[in-house]
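J.:
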Amino acid sequence: MLGLSLILIACNLRPVFGSLSVVLPEVMRDTGLSAVGASMLTTLPIVCLGLFSAPTPALARRFGPERVLLLALLLITVGTVLRAAGTLAPLFASSVLAGAGIAMGNVLLPGLVKRSFASHTALMTGLYTLAICAGAASATALTVPLMVGAFDGHWAWALAFWALPAVLVLLLWAPQAWHTRAQPLDGAAGGGALWRDRLAWQVTAFMGLQSALAFIVMGWLSPLLRERGIGSADAGYIVAVSILTQLVTCLLVPSFAARCRDQRALAVGMSALILVAFMGLMVGPLGGRWLWAVLLGCGQGGAFALALSLIVMRSGNAQVTAQLSAMAQGWGYLLAAGGPLLVGVLREWTGGYAANTWLVGALAVAMAWSGWGAGRRMVVQAKK
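Last residue of the sequence shown? That's 465 in this note's numbering, and every number before it is there in order.
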């Protein structure tokens, strides 16, 4: 039951992002939100992922990770429901509340897997990573059909719909959280020594850079493709195919990585695949766009799964896993928030999206460099 519950919780950690991106034009039209405001709205939850990751291990030590996960689900549910109002203030409040809840879930899941499934960490990491990707893909693919077919064109209700799976998982998890004795993750309480560990920063950089590329694709790939002359429907389908393809490598990469002597080649390979596929979509023949979308999804799904796997592999125990998870996802998501913002800034400065191919290239090279360091067969030094 615990394993299933963790997987279902993971399914609710990305619909907030995927659902908003596909109806953003309608949100801007009906609320009068400017392009800058839209950029802030989509970036705010990413910033919250970084800001609220840091205090999560302390909350888990005080109240137990199960109860903090319950709070996370409550925040995601309330934040998603607020979107039903369809006005700007609730939309921004929604981003903060849901972002805080997602940050807590992001940090605690690796530690719980390390503690409760010590002999099956690769399998469980693959399954909950698969669930995260499935949640994102479902929201991206279904929000517009829900808006058109079920809610008579009302985007606010289509966004709020994603509170339903969150509240169902909340009801499933609540008895487990309250009836489980508060059991902190094993290990030393302090995590300050990680800040002086080079390996910990390399894991953090890999997490942040792959996330920056993922949020660029989620938020900006469709406009980039439309500038190349691809229709709006096809552009949306290409993004959906890319996200759906991530499900395959999300499941396979953790087990494969666990069998490797180290993960350096895998990290560089995923970085190269993302770069080649993205360049193919931007400057390659349009006839190959579906192949490039599949390859991009394979690269990004694999990179995301590897980033989460490295947090577990580079940790000596469950407490260190939670500490490294908080560091990697806290600073990593703050770094990642700059990716979509830079795309918008470059678009404003240059009047087009061509310069963003150089941005993606730079991010992919930096990701490969950090992955080469993070992939070494070592563990972080968490003792003071």
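Ideal Cβ positions, reconstructed from N, Cα and C, are used throughout, including at glycine.
1) To which residues of the same chain is Phe-359 closer than 7 angstroms at the C-beta, ignoring the five residues directly before and after it?
2) Just confirm the distance between the C-beta atoms of Thr-221 and Gly-99, as a whole number of angstroms; I'd bet it's less than 8 angstroms.
3) If I'm right that Ile-130 touches Ala-179 with Cβ under 8 angstroms, what's the distance once you round it to whole angstroms?
4) What span of residues does the alpha helix (DSSP H) with Met-459 cover, start to end?
5) Taking Ala-241 and Ala-165 to be in contact with their CB atoms under 8 angstroms, please state how far apart those CB atoms are, rounded to whole angstroms.
6) Should Ala-403 and Ala-231 be called a contact, given that it needs their Cβ atoms to be closer than 8 angstroms?
7) Could you work out which residue in Ala-91, Ala-119, Leu-332, Val-103 is closest to Val-426 when comparing CA atoms only?
8) In terms of alpha-carbon separation, which member of Asp-343, Ala-407, Ile-213 lies closest to Leu-132?
9) Measure the Cβ-Cβ separation of Leu-290 and Met-448 and say whether it is below 8 angstroms.
10) My assumption, with CB atoms under 8 angstroms, is that Ala-399 sits in contact with Arg-143. Please give the rounded CB distance.
11) Taking the continuous alpha helix (DSSP H) assigned at Gln-283, which residues delimit it?
12) Just how far apart, CA to CA, sit Thr-285 and Asp-233?
13) Sorted by chain position, which residues of the same chain lie with C-beta nearer than 6 angstroms to Ala-212's C-beta, five sequence neighbours on each side aside?
14) Counting C-beta neighbours from all protein chains within 10 Å, is the total for Thr-168 16 or more, i.e. buried, or is it exposed?
15) Specify the secondary structure class of Asn-437 as computed by DSSP and reduced to three states.
16) Of the residues Ala-247, Val-334, Asn-437, which one's Cα is nearest the Cα of Ala-386?
17) Is Cys-331 closer than 8 angstroms to Gly-207 when the C-beta atoms are compared?
18) Reducing DSSP to helix, strand and coil, say where Phe-337 ends up.
19) Starting from Arg-148 and walking both ways along the alpha helix (DSSP H), at which residues does that stretch end?
20) With 16 other CB atoms within 10 Å as the buried threshold, where does Met-228 fall?
21) Use the C-beta contact count for Val-461: other C-beta atoms within 10 angstroms, 16 or more gives buried, fewer gives exposed.
22) In whole angstroms, give me the CA-to-CA distance for Gly-268 and Pro-138.
23) Starting from Met-121, trace the alpha helix (DSSP H) both ways and give me its first and last residue.
24) Can the beta-carbon of Ala-455 be found less than 8 angstroms from the beta-carbon of Phe-287?
25) With distances taken Cα to Cα, identify the nearest neighbour of Val-248 among Thr-158, Gly-369, Ala-170.
26) Apart from the five residues on each side of it in sequence, which residues of its chain come closer than 8 angstroms, Cβ to Cβ, to Ala-255?
T.: The answer reads as follows:
1) Leu-377, Val-441
2) 4 angstroms
3) Reading off the sequence, residue 130 comes out as Leu, not Ile. The Cβ separation is near 10 angstroms, so there is no contact.
4) Neither: Met-459 is in no alpha helix (DSSP H) and is coded neither H nor E.
5) 4 angstroms
6) no
7) Ala-119
8) Ala-407
9) yes
10) In fact, because the Cβ distance is near 16 angstroms, the residues do not count as touching under 8 angstroms.
11) 279-308
12) 43 angstroms
13) Ile-88, Ala-91, Cys-92
14) exposed
15) helix
16) Val-334
17) yes
18) helix
19) 146-163
20) buried
21) buried
22) Confidence at Gly-268 is low in this model, with a pLDDT of 46, below 50, so the placement of that residue should be treated as unreliable; the coordinate-derived value is given next. So the alpha carbons of these two residues sit roughly 12 angstroms apart.
23) 116-132
24) yes
25) Thr-158
26) Leu-151
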